[in-house]
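Peer 1: Submitted below is the structure of interest, expressed as C-alpha cells.
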Amino acid sequence: MKKGIATVAQLSAFDEVIDARSPAEFDEDRIPGAISCPVLDNAQRVVVGTIYKQQSAFEARRIGAAMVAENIAHHLKTRFHDKPKNWRPLVYCWRGGQRSGAFVTWLRLIGWDACQLEGGYKTWRRMVVAELEELPARFDLRVVCGATGSAKTRVLDALAKLGAQVLDLEHLAAHKGSVLGALPDRPQPTQKSFETELFRTLHALDPARPVFVEAESRKIGRIQVPEALIRQMRASPCVAIEASREARLEFLVRDYAYLGDDIADLQKKIDFLKGLQSNETLERWKTLAAAHDLPTLFAEFIELHYDPLYHRSQNRNFTRFPSAPIFTSDDLSPAGIEALARRILAAAAAQPEALTRVADPATP
Numbered sequence: 001m002k003k004g005i006a007t008v009a010q011l012s013a014f015d016e017v018i019d020a021r022s023p024a025e026f027d028e029d030r031i032p033g034a035i036s037c038p039v040l041d042n043a044q045r046v047v048v049g050t051i052y053k054q055q056s057a058f059e060a061r062r063i064g065a066a067m068v069a070e071n072i073a074h075h076l077k078t079r080f081h082d083k084p085k086n087w088r089p090l091v092y093c094w095r096g097g098q099r100s101g102a103f104v105t106w107l108r109l110i111g112w113d114a115c116q117l118e119g120g121y122k123t124w125r126r127m128v129v130a131e132l133e134e135l136p137a138r139f140d141l142r143v144v145c146g147a148t149g150s151a152k153t154r155v156l157d158a159l160a161k162l163g164a165q166v167l168d169l170e171h172l173a174a175h176k177g178s179v180l181g182a183l184p185d186r187p188q189p190t191q192k193s194f195e196t197e198l199f200r201t202l203h204a205l206d207p208a209r210p211v212f213v214e215a216e217s218r219k220i221g222r223i224q225v226p227e228a229l230i231r232q233m234r235a236s237p238c239v240a241i242e243a244s245r246e247a248r249l250e251f252l253v254r255d256y257a258y259l260g261d262d263i264a265d266l267q268k269k270i271d272f273l274k275g276l277q278s279n280e281t282l283e284r285w286k287t288l289a290a291a292h293d294l295p296t297l298f299a300e301f302i303e304l305h306y307d308p309l310y311h312r313s314q315n316r317n318f319t320r321f322p323s324a325p326i327f328t329s330d331d332l333s334p335a336g337i338e339a340l341a342r343r344i345l346a347a348a349a350a351q352p353e354a355l356t357r358v359a360d361p362a363t364p
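With UniProt numbering, the residue at position 172 of the sequence shown is 172, and numbering never jumps.
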C-alpha cells in the first residue's frame, strides 16, 4: 500500500470509512458503511464553487480552506475525540482530491494511520457499474412470474425464510413495480444508491445455488434495472404462479389497504393511466376510490388493466416462460403463501425443468 493512499480493493483493511463530501453527495450514494463527515456542507460547497467560477481559484481555496479547517476541527472534537492511537480510517471525497487530502493530512499529523482513497468515490462508482455488467451472468436465476396480485414478493419472502436465496428487487427499489406501487413509508432510493445495494446483495449470494427473483420490467417506479440483469432474467428458467381471481383480489385488498388512507393520492395515481384507459373508466375508478370501495376498484384493475398487460408482456419478455412449471393456488393468506413457497422449493430440488404443472393439493 502506497503510504497514505489506498485502493477500493483495500476497503476492508480499515477500521472506519469516512465520506468527506457534502451531505447532498452522501445522500445520493456512498460506499457502504461510510460515515458522513463533510469538510464542506451543502451551502459552503455552493459558495466555494461560485467564488471559483466568478472570481478565481485562489480566492476559492483561501475561503474554502478556512471552512474546511473549521469543519475538520469540529469532527475531531465530536466524532473522533475518543479514537485510540491504532485507529485506521480511510477518507474519500469525490475523486480523491483536496477535500479528502486535507482531512487525511490532519489525521496523520495527529498520529493516526489514515489513508486517502485513490480516485475517491468516482473509482468506487466505476467499479460498481463494471461489476453489475458481469455479476448477473454468474447466477442461476429462477424467475417467479404471475399476474398482479399473485403475491410474488411475499412468496420471495417465504422462500428466503425457508433458506432459499432470493433477490428482492422491489425491496431494494422501495417500490412494488406497478402504477400503484409507491410505498407510503419509504421513498425510493437514488439510482446510484440502488445500484450500490444491488452490488452488495449480489456479492453476498452463492453462485452455486439457485437465486429466486421476481419478474420485473426494466423500471421499478423510477429506478432502472441494470441491463445485464434484465438480460439474465429474461433468459432464465421461470416459475409461474396461477392464483385464483378471488385469492388475488383478497390479497390485493389486504396488501394495498394503505391506499385507502389517502384518496387524493390514489386518484392521482389512477390519472397516470390516462391514455391506457378511457376517460370514462378513469372517472369511474376515481369515484370508486372516493367511496373507499377498494374491492370493486381492484377487481376492475385486474380485469381491465393488469391481466391484459401481463398476458401481453410475459410471453414476449421471458423466453422460457412457456415451459415454466405452474403452481396453482386459491389461498394467498400468509399460511397459503408459505405452503406455496414450500411447493416451489420442493419442485426446484426435483428437476423443475421436467415439470409442466404443479397443482395446489387442495385444488380438485
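Where is the CB? At the ideal position from N, CA and C, for every residue including glycine.
How would you call GLN55, buried or exposed, if buried means at least 16 neighbouring beta carbons within 10 angstroms?
Peer 2: GLN55 should be labelled exposed.
Peer 1: Return the bridge partner residues of SER36 from the DSSP annotation.
Peer 2: Looking at the DSSP assignment, SER36 forms a beta bridge with ASP19.
Peer 1: Could you give the distance in angstroms between the alpha-carbon of PRO364 and the alpha-carbon of LEU259?
Peer 2: Any answer about PRO364 is weak, because its pLDDT of 38 lies below 50 and its placement is not dependable; what the coordinates show is given next. Straight-line Cα distance between these residues: approximately 35 Å.
Peer 1: DSSP three-state call for SER323: helix, strand or coil?
Peer 2: The answer is helix: DSSP assigns SER323 an H, G or I state.
Peer 1: Three or more C-beta pairs closer than 8 Å, one from the stretch 20-29 and one from the stretch 39-51: is that the case here?
Peer 2: Yes: the two stretches touch, three or more of their Cβ pairs being nearer than 8 Å.
Peer 1: Please classify ALA359 as buried or exposed, where buried requires at least 16 other C-beta atoms within 10 Å of its C-beta.
Peer 2: The predicted model places ALA359 with a pLDDT of 44, which falls under 50 and marks its position as unreliable, so this point remains unresolved.
Peer 1: If you compare alpha carbons, which of GLU242, GLU227 and ALA348 is closest to TYR235?
Peer 2: The residue asked about is misnamed: residue 235 is Ala in this sequence, not Tyr. When each option's Cα is compared against that of ALA235, the closest is GLU227.
Peer 1: Taking the alpha helix (DSSP H) that VAL225 belongs to, which residues open and close that run?
Peer 2: Counting along the chain, VAL225 falls outside any alpha helix (DSSP H), and DSSP gives it neither H nor E.
Peer 1: Whether or not the stretch 327-337 and the stretch 236-250 are in contact is what I'm after, with contact meaning three or more pairs of Cβ atoms, one per stretch, closer than 8 Å; do they touch?
Peer 2: The stretch 236-250 is in contact with the stretch 327-337.
Peer 1: The alpha helix (DSSP H) with ILE110 in it runs from where to where?
Peer 2: Counting along the chain, the alpha helix (DSSP H) containing ILE110 begins and ends at 98-110.
Peer 1: Given a cut-off of 7 Å on the beta-carbon distance, is the pair GLY101 and GLY119 in contact?
Peer 2: Going by C-beta atoms, GLY101 is not nearer than 7 Å to GLY119.
Peer 1: Could you pull the DSSP bridge partners for GLN10 from this structure?
Peer 2: Note: GLN10 sits in no beta bridge, so no partner.
Peer 1: Name the residue from TRP112, GLU134, LYS219 and GLY149 whose alpha carbon lies nearest to the alpha carbon of residue 378.
Peer 2: Summary: the structure shown does not reach residue 378, with the chain confined to residues 1 through 364, and so no result is reported for it.
Peer 1: In the DSSP assignment, find the unbroken alpha helix (DSSP H) run with ALA69 in it and report its ends.
Peer 2: Where ALA69 is concerned, the enclosing alpha helix (DSSP H) stretches over 57-78.
Peer 1: For the beta strand (DSSP E) holding ALA243, just list the boundary residues, first then last.
Peer 2: ALA243 -> beta strand (DSSP E) spans 238-243.
Peer 1: Beta carbon of LEU159, beta carbon of ALA341: below 7 Å?
Peer 2: For LEU159 and ALA341, yes; Cβs fall inside 7 Å.
Peer 1: Quick check on the DSSP output: what are the complete alpha helix (DSSP H) runs of length 4 or more inside the stretch 267-333, in order along the chain?
Peer 2: Correct list: 279-290, 294-300 and 307-317.
Peer 1: From PRO136, ASP15 and THR201, pick the residue whose C-alpha is nearest to that of PRO84; which is it?
Peer 2: When each option's Cα is compared against that of PRO84, the closest is ASP15.
Peer 1: So, for ALA257: in the same chain, excluding its five sequence neighbours on each side, which residues have a beta-carbon less than 8 Å away from its beta-carbon?
Peer 2: Cβ within range, chain order: LEU294.
Peer 1: Assuming contact is defined by CB atoms lying nearer than 7 Å, are ASN135 and LEU76 in contact in what I supplied?
Peer 2: In the sequence on display, residue 135 carries Leu and not Asn. Result no, Cβ atoms of LEU135 and LEU76 do not sit closer than 7 Å.
Peer 1: Counting C-beta neighbours from all protein chains within 10 Å, is the total for GLU250 16 or more, i.e. buried, or is it exposed?
Peer 2: With 16 or more other Cβ atoms within 10 Å, it is buried.
Peer 1: From the DSSP secondary-structure annotation, give me the bridge partner or partners of ILE220.
Peer 2: ILE223.
Peer 1: Considering only DSSP beta bridges, list what HIS175 is partnered with.
Peer 2: For HIS175, which the question treats as bridged, DSSP gives the partners ALA182.
Peer 1: Which residues in the same chain as VAL68 place their Cβ atom closer than 6 Å to its Cβ, once the five residues preceding and following it in sequence are excluded?
Peer 2: These residues qualify, in order along the chain: VAL39 and ALA102.
Peer 1: What three-state label does DSSP hand GLN188 in the structure shown?
Peer 2: Three-state DSSP puts GLN188 in coil, outside helix and strand.
Peer 1: CA-CA distance, LYS152 and VAL104?
Peer 2: Taking the straight line from one Cα to the other gives about 48 Å.
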